[in-house]
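Protein chains: 2
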Amino acid sequence: MTTRIGILGYGNLGRGVECAVNDAEDMELAAVFTRRDPSSLQLLTKGVPVVNIKDVASYADKIDVMILCGGSATDLPTQTPEYAKTFNVVDSFDTHAKIPEHFSNVDASAKAAGKVALISAGWDPGMFSLNRLYANAILPKGNDYTFWGKGVSQGHSDAIRRVKGVKDARQYTCPIESALESVRSGSNPELSTRQKHTRLCYVVLEEGADAVAVETAIKTMPNYFSDYDTTVNFISQEELNRDHGGLPHGGFVFRAGTTGANGENTHIIEYSLKLDSNPEFTANVLVAYARAIARLNKEGVSGCKTVFDIAPAYLSPLSGDVLRATML
Amino acid sequence: MTTRIGILGYGNLGRGVECAVNDAEDMELAAVFTRRDPSSLQLLTKGVPVVNIKDVASYADKIDVMILCGGSATDLPTQTPEYAKTFNVVDSFDTHAKIPEHFSNVDASAKAAGKVALISAGWDPGMFSLNRLYANAILPKGNDYTFWGKGVSQGHSDAIRRVKGVKDARQYTCPIESALESVRSGSNPELSTRQKHTRLCYVVLEEGADAVAVETAIKTMPNYFSDYDTTVNFISQEELNRDHGGLPHGGFVFRAGTTGANGENTHIIEYSLKLDSNPEFTANVLVAYARAIARLNKEGVSGCKTVFDIAPAYLSPLSGDVLRATML
Chain A
3 MTTRIGILGY GNLGRGVECA VNDAEDMELA AVFTRRDPSS LQLLTKGVPV
53 VNIKDVASYA DKIDVMILCG GSATDLPTQT PEYAKTFNVV DSFDTHAKIP
103 EHFSNVDASA KAAGKVALIS AGWDPGMFSL NRLYANAILP KGNDYTFWGK
153 GVSQGHSDAI RRVKGVKDAR QYTCPIESAL ESVRSGSNPE LSTRQKHTRL
203 CYVVLEEGAD AVAVETAIKT MPNYFSDYDT TVNFISQEEL NRDHGGLPHG
253 GFVFRAGTTG ANGENTHIIE YSLKLDSNPE FTANVLVAYA RAIARLNKEG
303 VSGCKTVFDI APAYLSPLSG DVLRATML
Chain B
3 MTTRIGILGY GNLGRGVECA VNDAEDMELA AVFTRRDPSS LQLLTKGVPV
53 VNIKDVASYA DKIDVMILCG GSATDLPTQT PEYAKTFNVV DSFDTHAKIP
103 EHFSNVDASA KAAGKVALIS AGWDPGMFSL NRLYANAILP KGNDYTFWGK
153 GVSQGHSDAI RRVKGVKDAR QYTCPIESAL ESVRSGSNPE LSTRQKHTRL
203 CYVVLEEGAD AVAVETAIKT MPNYFSDYDT TVNFISQEEL NRDHGGLPHG
253 GFVFRAGTTG ANGENTHIIE YSLKLDSNPE FTANVLVAYA RAIARLNKEG
303 VSGCKTVFDI APAYLSPLSG DVLRATML
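Which chain is which? The protein sequence lines are A and B, in order.
Plus 2 on top of the position in the first sequence (first one is 1) and you've got the numbering used here.
Plus 2 on top of the position in the second sequence (first one is 1) and you've got the numbering used here.
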């Protein structure tokens, strides 16, 4: 019995989900749904229907889990509650401040429909969140540190592209090695924004643009760059395309805590990710959680869940016996 | 409503559990059980009864979870199934090869009694196992690597102490930095036993013992040392007591996997622990899982569980709302 997956939205994340489903022996891709003209989409997988989103309801009985691959700004706040009325759904909603509201909206829909929805899967929120929770539960006395990168920030790249005179840009968020080492040493440092990350920008100028003015505009941009040490490199469009076409990312979650009658022993828990492709790794997390919620729904569970609510064994295609014998 | 914890066995691990319970605002230590004369034990916590193990049944209604702090070789294989007839129990059973048998024995007892038992909590098995499972579920195409140390191996220290002419000894297992770097690079190396770890020994000789013979006996010892590059340092008992009295440990769990239509993108997941006190960190894991199984039992669950079966939120004293708002 394979789990039948639907993909809604076929950008970088949707294509990543397609690859992840193809890598999973217990899953099959049932259909891809799009707002575009279906005939304009070329899937990687042969024989899978591409369907206009307006016909999604006719797939209610043909899909076990719908993986929502839209964006957090405008797509998911409406899509996830909407499609949870018809399908078990998984999303990667990553606007941290709005998670409680999103959870509440999705929970109401999913419970009314008897479906399971899992929101905010991915790596942050997602695997990083899990590591924060486990580490806090184990070391109640301690400090948390999260670092991101080295990786491409789409939001910061977009912000640079809005600067007058900029044709194209790519921004990397970089953790500062000495800050990582300070946390690893157990010294529990207090770190300012500037002490944790630097920002590295590759910028293609429009013809005749003023490089000095562009560099100043970037480095002084509030919220995005002014609190960081920022480096701006001007390169050609060819160089940008050739050397900065990927979407790598990653980061580090630490907890440094103490135990003992007088807190005399220090422990460092570190979790880190080094990802060649941010969307493909995120997609793989979504697919593992799709497996989990398909099972939970078969057990009669409904409502909105997060990674905090799912027992790890549900993510694996292996049986409990095999997991205990091989991974415990 | 606090969770009432019992400790059975008051060695390094039991004392660690006592400290961890005292650090948890939602828990209280109800009693410590011992095979020794109770009057010979001096607890860190005032006002907690020390009880001979033969009187344990009279505490059936006074304890929500009994944390079993005995050893895996001879204590836990009989204790965990026995006490699961009366209490919810947690143990740190760490003989990997015998986990399936232990699980089966404990499951039968716990199910018959309507209790929950959680076996093999700690860091390996335990947190390392969890990270293997999560990483395998997310990256089905890939390789696993586990490294241990730098840390004290009690088993190897004991083996050295059995060598003729040795008065005392402490053995450290050390991961080889170049092997860690090779895994981190994503090169998916094949590593022999010798290429992953070295063994570092501090040995106190008995008076008149032959140092060369002792060193040869250690380095050629099958299973324990002959497959490793081993360094033997001779020191005085005073130096051993002063510089090597702690029980630090830790290690690294990696998964290196690929995604994409042709496996063209590589991802590295790394989890590492650096622990000043192996027994105290293990104790903190046991206590977090005690919280989880007390809740599960109140929900009507029974039987044997492992860390794979417990949804992460059960480990935290915080509510789902607070967890989503602060850690997701």
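The beta carbon of each residue, even a glycine, is placed where N, CA and C say it ideally should be.
CB contact check: residue i to chain B, cutoff 8 Å
i	result
Y226 (chain A)	no
H251 (chain A)	no
T308 (chain A)	yes
S238 (chain A)	no
Residues that residue i bridges to, as DSSP identifies them
i	result
H251 (chain A)	A:L277
Y174 (chain A)	A:V154, A:L202
R6 (chain A)	A:E30
A22 (chain B)	Beta-bridge pairing links A22 (chain B) to no other residue.
P269 (chain A)	Inspection of the sequence shows that residue 269 (chain A) is occupied by His rather than by Pro. According to DSSP, H269 (chain A) bridges with A:G259, B:L277.
T36 (chain A)	A:N54
L70 (chain B)	B:L10
N145 (chain A)	A:A258
D231 (chain A)	A:T200
Contacts around residue i, its chain only, beta-carbon distance under 7 Å, and the 5 residues preceding and following it disregarded
i	result
P40 (chain A)	V52, V53, N54
E20 (chain B)	I9, L31, L45, L46, T47
R172 (chain B)	V154, S159, Y204, L242, H246
T222 (chain A)	S228
Partners in chain B for residue i, counting only beta-carbon separations shorter than 8 Å
i	result
F105 (chain A)	R326
Contacts of residue i in chain A (Cβ-Cβ under 8 Å)
i	result
R134 (chain B)	M329
A75 (chain B)	Simply none; closest approach about 18 Å.
D323 (chain B)	P102
Within chain B, the residues that residue i reaches when beta carbons sit closer than 7 Å
i	result
T46 (chain A)	In the sequence on display, residue 46 (chain A) carries Leu and not Thr. Correct list: A263.
L298 (chain A)	Under the 7 Å cutoff, chain B gives no residues; its nearest Cβ is about 10 Å from L298 (chain A).
S304 (chain A)	Residues of chain B passing the Cβ test: none, with the nearest at roughly 16 Å.
Interface residues of chain A facing residue i [CB-CB closer than 7 Å]
i	result
L141 (chain B)	N286
I312 (chain B)	A313
Closer than 8 Å to chain A by CB, residue i
i	result
D334 (chain B)	The first residue shown for chain B is 3 and the last is 330, placing residue 334 (chain B) beyond what the model contains.
N138 (chain B)	yes
L317 (chain B)	yes
S60 (chain B)	no
S131 (chain B)	yes
Close-in-space but distant-in-sequence residues of the same chain around residue i (CB under 6 Å, 5 per side omitted)
i	result
K87 (chain A)	S111, A115
D66 (chain A)	T5, R6, A296
L193 (chain B)	A181
V206 (chain A)	K169, D170, Q239, L242
D278 (chain B)	P250
A95 (chain B)	For the record, residue 95 (chain B) in the displayed sequence is Phe; it is not Ala. Closer than 6 Å at Cβ, skipping near neighbours: S74, L78, H104, I121, S122.
E179 (chain A)	none
G259 (chain B)	L141, K143, G144, H269
8 Å CB neighbourhood of residue i in its chain, flanking five on each side removed
i	result
Y291 (chain B)	V92, L120, A123, V309, I312, L317
Short of 7 Å Cβ to Cβ, which residues in the segment 266-291 of chain B face chain A? N267, T268, H269, I270, I271, E272, Y273, S274, L275, K276, L277, D278, S279, E282, F283, N286, V287, A290
Would you list, in chain order, the members of the segment 148-169 of chain A that have their beta-carbon closer than 8 Å to a beta-carbon of chain B? none
Can you give me, in chain order, the residues of the segment 13-31 of chain A that have a beta carbon less than 9 Å from any beta carbon in chain B? R17, G18, E20, C21, A22, N24, D25, A26, E27
Interface residues of the segment 170-201 of chain A facing chain B [CB-CB below 8 Å]: R186, G188
Which residues, in order along the segment 67-97 of chain A, keep a beta-carbon less than 9 Å from a beta-carbon of chain B? none
Using Cβ-Cβ distances below 7 Å, what residues of the segment 104-126 of chain A are close to chain B? F105, S122
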